[in-house]
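Below is one structure; the comments refer to it alone.
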Amino acid sequence: MHLNEIISMGGYGLYVWTAYSITLLVFGMNLFTAIREKKRVKKTLRHYFSQTS
Amino acid sequence: MLHWFNQHFISLKAFYATSSALLPWLITAFSLCFAYGLIAGLFFAPADYQQGDGFRIIYVHVPSAFTAMAIYAVMAVSGILTLVFRMKIAAICMSVSASIGAWFTFLALVTGAIWGKPMWGTWWIWDARLTSVLILLFLYFGFIALQSVIPDQQSRDRAGAIMAIVGVINLPIIHYSVIWWNTLHQGPTLSKLAAPSIAPDMLHPLLAMIAAFLFFYAVILLLRMRNQIVLREIKTQWVKEVMSHAS
Amino acid sequence: MLKSLLTITHQEIVMTLRQAYSWITPLLFFVIVVCLFPLALGPDENTLNKVAPGIIWVGALLAIVMSIGNIFRSDAEEGHLDLLLLSAHPLTLLVLCKLISHWITHCLPLIVISPLLGILLHLNIHEESVLVISLLLGTPVFVLLGAIGSALVVGIRSHGLLLPILIMPLYIPVLIFGTGSMIAASANLPLASDFAMMGALVLISLAFAPLLTSAALRIGANQ
């Protein structure tokens, strides 16, 4: 299998690779959201504990 | 039995501990399935005799559609647990699932359109399955919109639960009525996607990808549920201890 | 028990009819929406006849979506809702009474006027009668499902367009079978299956909707 064949995907390359990139993008978005949420929650908690104690 | 569940899953504190033990396994399972599915699906599965290499979109399209529907089922079950047993953990699972589910539904629609373009010659057809998935996306949006405007936590949980239950009663009705509508208006669409049987070389990567998508959902679900758990339990001693350990 | 429920329904109807604004506005809305379509699509008789089922059904759907949001609102604002919740009768039955009276005051006028709109869109007699029957079968489902959504948003201050977003996806099956029966009528095909499906939808929503609506009202009351 040559690199060219893999990229062209028998003429469907544009469609196949777009579909897979969007999938990876959505996965990345979900992961990013979860991690950013965790950071914010931690910040909220730290703030809360510094206020109460 | 119930006691065992309570010790490991139902109480928020226990769930927090269980989930941190589960997460590494889920991440490993996801990585293995995803790596195999991706490589085998893209490079080793034989090209389809009709669709050539274009059919490889199946390995992201079908899993995302399947996961999107599975997540709605999870939401409905959590909705019932929230409403009947007042389970907090189920309510958290339900709200977090909604936004993940909406993403997977969106992904199913987009990959479906990208597949449709070379196969049907158009980005969108009012095919029964595509239409059902579109309506599923609307149901997810409705749920998220409803929860986002209710300020009180308990009301938000229960209102969302009712909405999820209403949605799950309606989904099969919507699905079958859309099939009916489709045949009524256009004559049966000769779907090239409905392969009667599928070669094992093509099937195994597909099953792996479905598993990978479900594991990914589980990972994100647990990560985000843990965030919500500590936020809801902010006033308890155990959260304080966990947080002081972590930092 | 049945007698007092009938009295409640009767009172609801009389009260709504006294406030002409509340039941005439949806009716006018329906008529104007339907009249916009010929102006937008052009006066061609065949085109209008072909799209008439969709226009009338979507018009009726929108009119009901607009009015259903008010079904519990005035009760909530005037404190009647708490009385309903504390009443000796089961909340589910009271909700059912309210829904029946809402259907009579807000949907029946739409159905009565619909043949007139059918004439404007060049429907023949057979199609007109199917239109009326299908609306009679379909609009109760709109009210029943709409009530759930309406009860869910009753406690929320500014829900604006939230209610339509919540309930319109649930209306799709009725829309499909309602317009389907009219398309079948214009093609002189048998109608029994469409009507049977709509009847089934009425029964299913009759079984679930009052229960879920009263559950949703209790949530709002806790707020």
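Residue numbers (my numbering), protein chains in the order written: chain E, -14 to 38; chain B, 24 to 270; chain U, 114 to 336. Even glycine gets a Cβ: it sits at the ideal position worked out from N, Cα and C.
Query raised in the report: So B:W169 and B:A182 are in contact, right, with Cβ under 8 Å, and what is the actual spacing, rounded?
Result: The residue asked about is misnamed: residue 169 of chain B is Leu in this sequence, not Trp. Sure, about 6 Å apart at Cβ, within 8 Å.
Query - Alpha-carbon spacing of U:G312 relative to U:V254, whole angstroms - result: Each residue's alpha carbon lies about 9 Å from the other.
Report task. Over the uninterrupted alpha helix (DSSP H) stretch that includes B:A96, give me the two end residues. Result -> Its alpha helix (DSSP H) spans residues I81 to F108.
Query raised in the report: If you draw a straight line from the alpha carbon of U:I296 to that of U:V256, how long is it in whole angstroms?
Result: In a straight line, the C-alpha of U:I296 is about 24 Å away from that of U:V256.
Query - Pairwise C-alpha distance: U:G333 and U:R186 - result: Computed Cα separation, rounded: 11 Å.
Requested in this report: Specify whether the segment 76 to 89 of chain B and the segment 121 to 134 of chain B touch according to this definition: at least 3 beta carbon pairs, one from each stretch, less than 8 Å apart.
Outcome: By the Cβ criterion, the segment 76 to 89 of chain B is in contact with the segment 121 to 134 of chain B, since at least three pairs of Cβ atoms, one from each stretch, lie closer than 8 Å.
**Report entry** 6 Å CB neighbourhood of B:P219 in its chain, flanking five on each side removed
**Finding:** For B:P219, the pLDDT reaches just 49, beneath the cut-off of 50, and the residue's location in the model is therefore unreliable, although a value from the coordinates is still provided. Closer than 6 Å at the Cβ level, and outside the excluded window around B:P219, lies no residue.
Report task. Just the chain U side, please: which residues come within less than 7 Å of B:A168 by C-beta, in chain order? Result -> Simply L275 and I278.
**Report entry** Three-state secondary structure assigned by DSSP to B:D71
**Finding:** Taken through DSSP and simplified to helix, strand or coil, B:D71 comes out as strand.
Query raised in the report: Going straight from the alpha carbon of B:S42 to that of B:Y240, what length do you get?
Result: For B:S42 and B:Y240, the distance between alpha carbons rounds to 14 Å.
Report task. Go through its chain and collect everything with a Cβ distance to U:H235's Cβ below 6 Å, but skip five positions before and after it. Result -> These residues qualify, in order along the chain: E158, L161 and N162.
**Report entry** Contact set for B:A243: own chain, Cβ-Cβ below 7 Å, skip 5 residues either direction
**Finding:** What sits at residue 243 of chain B in the sequence shown is Ile, not Ala. Counting only residues of its own chain and dropping the five nearest sequence neighbours on each side, B:I243 has a CB closer than 7 Å to the CB of I123.
Query raised in the report: Buried or exposed: where does U:S247 fall if 16 or more other Cβ atoms within 10 Å of its Cβ makes it buried?
Result: A residue is called buried once 16 or more other Cβ atoms fall within 10 Å of its Cβ, and U:S247 is buried on that count.
Query raised in the report: Hey, does E:F17 have any beta-carbon neighbour from chain B nearer than 8 Å?
Result: With 8 Å as the cut-off, E:F17 does not count as an interface residue toward chain B.
Query raised in the report: How far does the alpha helix (DSSP H) with U:F150 in it reach, from first residue to last?
Result: Boundaries of the alpha helix (DSSP H) around U:F150: A133 to L154.
Query raised in the report: Within the 8 Å Cβ cut-off, does E:G(-5) reach chain B?
Result: It does; some Cβ of chain B falls within 8 Å.
Query raised in the report: Are there three or more Cβ pairs, one per stretch, closer than 8 Å when the segment 268 to 285 of chain U is compared with the segment 159 to 168 of chain B?
Result: The way I'd put it, the segment 268 to 285 of chain U does touch the segment 159 to 168 of chain B; three or more beta-carbon pairs between them come closer than 8 Å.
**Report entry** Backbone CA spacing between B:A187 and U:A260 [nearest angstrom]
**Finding:** Going by the C-alpha atoms only, they are around 15 Å apart.
Query - Whole-Å CB distance - U:V178 paired with U:I280, under 8 Å assumed - result: Between U:I280 and U:V178 the Cβ distance is about 7 Å, and since that is below 8 Å, they are a contact.
Query raised in the report: Do you know how far the Cα of B:L35 is from the Cα of B:T259?
Result: Rounded to the nearest angstrom, the gap between the Cα atoms of B:T259 and B:L35 is 11 Å.
Query raised in the report: CB-CB under 7 Å to B:G60, same chain, minus the five flanking residues each way: which ones, in chain order?
Result: The beta carbon of B:G60 lies closer than 7 Å to those of Y82, P228, A231, M232 and A235 in the same chain, with the five residues before and after it left out.
Query raised in the report: Checking contacts by CB at 8 Å: is B:S214 closer than that to chain E?
Result: Because B:S214 sits at a pLDDT of 48, beneath the cut-off of 50, its placement in the model cannot be relied upon, and the following sentence gives the value as read from the coordinates. Put simply, the CB of B:S214 is far from chain E, with every gap to its CB atoms at 8 Å or more.
Query raised in the report: Is any beta-carbon of chain B found at less than 8 Å from that of E:K47?
Result: Because chain E here runs from -14 to 38, residue 47 of chain E falls outside it and cannot be looked at.
Query - Residue interval of the alpha helix (DSSP H) (run including E:Q36) - result: Membership of E:Q36 in the alpha helix (DSSP H) is indicated by the continuous run G(-2) to T37.
Requested in this report: Check the Cβ-Cβ distances between B:P228 and every residue of chain E, and say whether any is below 8 Å.
Outcome: No, because no Cβ of chain E sits closer than 8 Å to the Cβ of B:P228.
Report task. Give me the Cα-Cα distance between B:F121 and B:Q176, rounded to the nearest whole angstrom. Result -> A quick correction: the sequence has Ala, not Phe, at residue 121 of chain B. Cα to Cα, the separation comes out at about 16 Å.
Query raised in the report: If we call anything under 8 Å between Cβ atoms a contact, is B:L245 one with B:L45?
Result: For the pair B:L245 and B:L45, the CB atoms are nearer than the 8 Å cut-off.
Query raised in the report: Given B:L153, which residues of its chain have a CB within under 6 Å of its CB, disregarding the five upstream and five downstream residues?
Result: Once the five neighbours on either side are set aside, the close Cβ partners of B:L153 are G135.
Query raised in the report: So B:L159 and B:Y95 are in contact, right, with Cβ under 8 Å, and what is the actual spacing, rounded?
Result: Right, the Cβ-Cβ distance comes to about 7 Å (below 8 Å), so this counts as a contact.
Query raised in the report: Beta carbon of U:L265, beta carbon of U:A329: below 8 Å?
Result: Cβ atoms of U:L265 and U:A329: closer than 8 Å.
Report task. Can you tell me the Cβ-Cβ gap for B:R255 and B:K111, rounded? I've got them flagged as a contact below 8 Å. Result -> B:R255 to B:K111, Cβ: 7 Å. Contact.
Query raised in the report: Any beta-carbon of chain E closer than 8 Å to the one on B:W48?
Result: Taking a beta-carbon distance threshold of 8 Å, B:W48 does not count as an interface residue toward chain E.
Query raised in the report: Which residues mark the beginning and the end of the alpha helix (DSSP H) in which B:V133 is found?
Result: K111 to W143 is the span of the alpha helix (DSSP H), which, as asked, contains B:V133.
Requested in this report: Identify whether U:A300 lies in helix, strand or coil by the three-state DSSP scheme.
Outcome: Reduced to three states, the DSSP call for U:A300 is coil.
Report task. Consider the Cβ of B:A99: report whether some Cβ of chain U lies at a distance smaller than 8 Å. Result -> False, the Cβ-Cβ gap to chain U never drops below 8 Å.
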